[in-house]
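All remarks here apply to the structure that follows.
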Amino acid sequence: MRRLAILGASGHGKVVADAAECFGWQSIVFFDDAWPDLRGNGVWPVEGNTTALMDRLADFDGVLVAIGNNLVRHAKLVELRAAGARLATLVHPAASVSRYAVIGEGTVVFAGAVVNADASVGLGGILNTSCSIDHDCVLGESVHISPGARLAGGVQVGDLSWVGIGASVRQLICVGKRAMVGAGSVVVSDIPDDVIVAGVPAKRMR
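Structure follows, in structure tokens:
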């Protein structure tokens, strides 16, 4: 029986667990730092906190971090990897991922997402429902591409950045590290590190 541990018993975690079942994981257990107050996440049990997971890594064939905050997710992934966890990569069977794309460990690709040839995604990415990552895009570590967001060919997205729901990014644009693109925005020029942009066309908020 293939056993999967998921760190982060949130709504996002439920979607990860549901996708994992579709992917063929037979036993799924959550861990969350709200335990023991939090004992379940939907139909799946919560059996301990991060420390408990670290103590039980040998019990699981794979581990995923289901935390939406990019910075926290990345920190947990780095901690788990250093401890020898077998980080899983999850691609929903209803996603379309080119065999020429590279999907980093700890990344989750949800239903309806499209990842085209020679795109690459780093450690711990979230490619959310029905997003599109076109050819030659390069996504850094712990990037979140929200539902329905579209990256045209050759877009680069730096570590820990977030592209909001329904946003569109023009081809060959560079989005810096730790940047945020607001929901529904249209990005037509490069975005520096540590900047929030929103609007049509997207403009710097701070």
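Each residue of the sequence shown is one higher than the one before, starting from 147 at the first, in our numbering.
Beta carbons are placed, not taken as given, at the ideal position from N, Cα and C, and that holds for glycine.
DSSP puts residue i in a beta bridge; with which residues?
| i | result |
| --- | --- |
| phenylalanine 177 | Leu153 |
| alanine 344 | Lys349 |
| proline 191 | Gly186 |
| serine 242 | Val260 |
| valine 248 | Ser266 |
Quick one, which of the options has its alpha-carbon nearest residue i's?
| i | options | result |
| --- | --- | --- |
| valine 303 | Lys323, Ser244, Gln317, Gly294 | Lys323 |
| phenylalanine 200 | Ile249, Ala295, Gly157, Ala231 | Residue 200 is actually methionine in this sequence, not phenylalanine. Among Ile249, Ala295, Gly157, Ala231, the Cα nearest to that of methionine 200 belongs to Ala231. |
| threonine 253 | Leu236, Ala151, Lys349 | Leu236 |
| glycine 208 | Ile279, Asn216, Ser242, Trp171 | Trp171 |
| alanine 151 | Cys168, Gly157, Asp178 | Asp178 |
| histidine 281 | Ala295, Arg296, Thr275, Asn262 | Asn262 |
| threonine 196 | Val218, Ala313, Ser173 | Val218 |
| asparagine 216 | Glu167, Asp305, Ala265 | Asp305 |
| leucine 318 | Ile279, Gly330, Gly214, Ala298 | Ala298 |
| valine 175 | Asp164, Pro191, Cys168 | Pro191 |
| serine 276 | Ala229, Ser314, Val248 | Ser314 |
Can you tell me where the beta strand (DSSP E) with residue i in it begins and where it stops?
| i | result |
| --- | --- |
| alanine 198 | From DSSP, alanine 198 is part of no beta strand (DSSP E) but of the alpha helix (DSSP H) over 196-201. |
| isoleucine 311 | Run containing isoleucine 311: none; DSSP gives neither H nor E here. |
*At which residue ranges does the stretch 205-229 contain complete alpha helix (DSSP H) runs of 4 or more residues, listed in the order of the chain?*
216-228
*Within the chosen definition, does the stretch 325-332 reach the stretch 299-313 through at least 3 CB pairs nearer than 8 Å?*
yes
*Would you be able to state if there are at least three C-beta pairs under 8 Å between the stretch 285-302 and the stretch 251-271?*
yes
*Whole alpha helix (DSSP H) elements within the stretch 252-337, 4-residue minimum*: none
_Between the stretch 247-263 and the stretch 183-192, can you find at least three pairs of beta-carbon atoms closer than 8 Å?_
no
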